[in-house]
Amino acid sequence: SELKGNTILVTSRSKDVLTKLKTYNAMQSIDDPCIHKLPGLTQVDSRSLFKRRVGDDSLFDSTKAQLAKNILEKCDGLPLAIRTVADLLRSRDVRTWKEIEASGIWNEQDDIM
């Protein structure tokens, strides 16, 4: 017997999109979709990516090194977040690093970051 049908692959960083998809499927009596959350990078890989993007010399400053550690924890292993913040911080002073660390972007409701 040959199985026929369609498969749709949806990718998103937004939990809201997946929640809406599950709700729509339930209303249409469609089987519950398989949702797979991909793991983030390890701490070692996160730090390596950050260092490559921001520049190794930035982390010689002990204050920046501690800020980098705190920021990387907030990035939760997400490569896009790590690259974005590292590119933003490259060649910036400690004051800017502190502003980014204290920024409200890390508290967004959608869990994209």
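Quick note, my numbering runs 1184 ahead of the 1-based positions in the sequence shown. We treat Cβ as the ideally placed atom computed from N, Cα and C, and that holds for glycine.
Run of the alpha helix (DSSP H) containing residue i, from where it starts to where it stops
{"i": "Trp-1281", "result": "1278-1286"}
{"i": "Ser-1232", "result": "1227-1238"}
{"i": "Asp-1271", "result": "1263-1273"}
{"i": "Asn-1254", "result": "1246-1259"}
Straight-line gap, residue i to residue j (C-alpha atoms, nearest Å)
{"i": "Trp-1290", "j": "Lys-1188", "result": "44 Å"}
{"i": "Gly-1288", "j": "Glu-1186", "result": "52 Å"}
{"i": "Asn-1190", "j": "Leu-1205", "result": "16 Å"}
{"i": "Lys-1253", "j": "Lys-1235", "result": "11 Å"}
{"i": "Arg-1276", "j": "Ile-1192", "result": "43 Å"}
{"i": "Trp-1281", "j": "Ala-1270", "result": "10 Å"}
Neighbourhood of residue i by C-beta, 7 Å cutoff - its chain only, sequence neighbours within 5 removed
{"i": "Ser-1230", "result": "Leu-1256, Cys-1259, Gly-1261, Ile-1266"}
Same chain, Cβ closer than 6 Å to residue i, five either side skipped, listed in chain order
{"i": "Ser-1246", "result": "none"}
8 Å contact criterion, which residue i and residue j should meet: CB distance rounded
{"i": "Leu-1222", "j": "Pro-1263", "result": "Not quite, the Cβ-Cβ distance comes to about 10 Å (not below 8 Å), so this is no contact."}
{"i": "Leu-1273", "j": "Val-1238", "result": "5 Å"}
{"i": "Ile-1219", "j": "Leu-1202", "result": "6 Å"}
Cβ-based neighbour list, residue i, same chain, cut-off 8 Å, excluding 5 preceding and 5 following
{"i": "Val-1278", "result": "Asp-1245, Thr-1247, Lys-1248, Leu-1251"}
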